[in-house]
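Have a look at this one:
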C-alpha cells in the first residue's frame, strides 16, 4: 500500500456495540445516565477537595487528579459514542480517531501511575506518619509525582499513536469497536505491523508491571506495619484508610487483566467490548462513589456543604 493511499483516509466507521436501532436507543439512555453520573460525581469530588480545608492532604490531592483523569477518560469516548447511537452515519474523522486513540492510551497510563502514587502515599502515611506531609510527601513532591504521571502517560500515548497512524489503512475502514482502539485499528492496516505490535507489547508490559510493582510493594510494607500494631482497633483504623484505594485498584487492574491476559482461544471482539465497558465507563463512574461512601472526611465535607447551603437559603 503506498503512502499516498494512506493519506486519502479521511474517516473511519465505528461498528459500535450493536446495529439494532431499538437497542441503540436504549443504550443511548443508559450510557447518557452513566456519563452524567461520572461527570457529576467526579466534579463534586474535585470541588470538595479544592474548597474544603480538611481535605488539603496528599491523599486527596492525588484523588482530585484521579477524578480529573476519569472525567477526561470518559469524555474522550462517550460524546461520540452517544452521537453514533442516534446517527445513521457512525463515523469518526481521521483526526478525531487519532485524538481519541492518543488520549485513551495517555489517560490509561496516567491513571496507572496516579494509582501507584496513591499507594506510595498510603505507605508513607502508615509507615512514616511523623514525616508524612512535612518531608516525604510535601507539596512539591506530590506535584512532581503527578507531573511524572501525566508526562509518562502523554509521551507514551503520543509515541504509540504516531506508530499506529504511520501505518497504511485500506479496505472497508470499519473499526469493530465503539472507540478508536489500537487492536482493531491494526486489523485494518495494509502495511507491516510488527514494529507497532512489539512497541505496544513493551510499553503495555512496562507501564502495567512497573505501576503494579509499586502498588504491591507498598501494600506489602503496609501489611507488615499493620501487623505490628497491637490493638485490633488500631489495625482496623490503619487498614481502613487503604480500603477505597484497594477497591479502585482491583476494579481498574482487574478488568485490564481480563482484557489482556486471556488465552488466544478465548479472545473475541464482542468479549473485548464488554470488558472495555467496565474500565471505560463503570470504573470512572464508581470511583467517586467508592471514595465518598467509605470515607468519613468526604462525607463530613459533603454535610458541611449541604448544611451551608440550607443555612444560606433560610437566612434569605
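In the working numbering, the protein residues as written are 5 to 320. Quick reminder that beta carbons are idealized off the backbone N, C-alpha and C, glycines included.
Asked: Backbone secondary structure at residue 193 - three-state DSSP; Found: strand
Asked: Neighbourhood of residue 34 by C-beta, 6 Å cutoff - its chain only, sequence neighbours within 5 removed; Found: none
Asked: Start and end residues, beta strand (DSSP E) containing residue 142; Found: Where residue 142 is concerned, there is no enclosing beta strand (DSSP E), given that its DSSP letter is neither H nor E.
Asked: Rounded C-alpha distance that separates residue 39 from residue 232; Found: 43 Å
Asked: Cut-off 6 Å between Cβ atoms - residues of its own chain near residue 167, not counting five sequence neighbours on either side; Found: 200 and 203
Asked: Minimum C-alpha distance to residue 101 - residue among 287, 81, 117 and 115; Found: 81
Asked: Cβ-based burial, residue 276 [other Cβ within 10 Å; buried from 16]; Found: buried
Asked: 8 Å contact criterion, which residue 219 and residue 120 should meet: CB distance rounded; Found: 6 Å
Asked: Nearest-angstrom Cα separation, counted from residue 243 out to residue 135; Found: 19 Å
Asked: Reduced DSSP category for residue 173 - H, G, I as helix; E, B as strand; rest coil; Found: strand
Asked: Min CB distance residue 205 to chain D below 9 Å; Found: In the structure shown, chain D cannot be found, because there is only a single protein chain.
Asked: Cβ-based neighbour list, residue 24, same chain, cut-off 8 Å, excluding 5 preceding and 5 following; Found: none
Asked: Supposed close pair residue 115, residue 73 - CB separation, criterion 8 Å; Found: 5 Å
Asked: Three-pair Cβ contact test at 8 Å for the region 60 to 67 versus the region 146 to 166; Found: yes
Asked: Burial state of residue 269 (16 or more Cβ within 10 Å); Found: Unreliable placement is indicated for residue 269, whose pLDDT of 44 sits below 50; no coordinate value is reported for it.
Asked: Short Cβ contact (9 Å threshold) for residue 4 with residue 96; Found: Within the shown structure, residues of the chain are numbered from 5 to 320, placing residue 4 beyond reach of any answer.
Asked: Where residue 121 falls: helix, strand or coil (DSSP); Found: helix
Asked: Stretch pair the region 204 to 213 + the region 42 to 58: three plus CB contacts closer than 8 Å; Found: no
Asked: Residue environment, residue 7, which counts as buried when at least 16 other CB atoms sit within 10 Å; Found: Note that residue 7 scores a pLDDT of 43, beneath 50, so its modelled location is shaky; the value from the coordinates is reported in the next line. Exposed, because fewer than 16 other Cβ atoms sit within 10 Å of the Cβ of residue 7.
Asked: Boundaries of the alpha helix (DSSP H) in which residue 233 is found, first to last residue; Found: Unbroken run through residue 233: none, as it is neither H nor E.
Asked: Backbone secondary structure at residue 42 - three-state DSSP; Found: helix
Asked: Same chain, Cβ closer than 7 Å to residue 141, five either side skipped, listed in chain order; Found: 62, 125 and 128
Asked: Alpha carbon of residue 10 to alpha carbon of residue 186, nearest angstrom; Found: Below a pLDDT of 50, predicted positions are generally treated as unreliable, and residue 10, at 47, falls in that range; the measurement from the model is reported next regardless. When rounded, the distance between both Cα atoms is 17 Å.
Asked: Through-space distance from residue 182 to residue 282, alpha-carbon basis; Found: 13 Å
Asked: Contact test: residue 48 Cβ vs the ligand COA heavy atom, cutoff 8 Å; Found: This structure lacks the ligand COA; in fact it carries no ligand of any kind.
Asked: Burial state of residue 164 (16 or more Cβ within 10 Å); Found: buried
Asked: Residue 107 to residue 20 span [Cα, whole Å]; Found: 19 Å
Asked: Residue range of the beta strand (DSSP E) that includes residue 97; Found: 95 to 97
Asked: Contacting residues, own chain, Cβ-Cβ under 7 Å from residue 289 (five flanking each side not counted); Found: 38, 41, 42 and 45
Asked: Unbroken stretches of the alpha helix (DSSP H), 4 residues or longer, contained in the region 24 to 85; Found: 25 to 55
Asked: Straight-line Cα distance separating residue 245 from residue 224; Found: 15 Å
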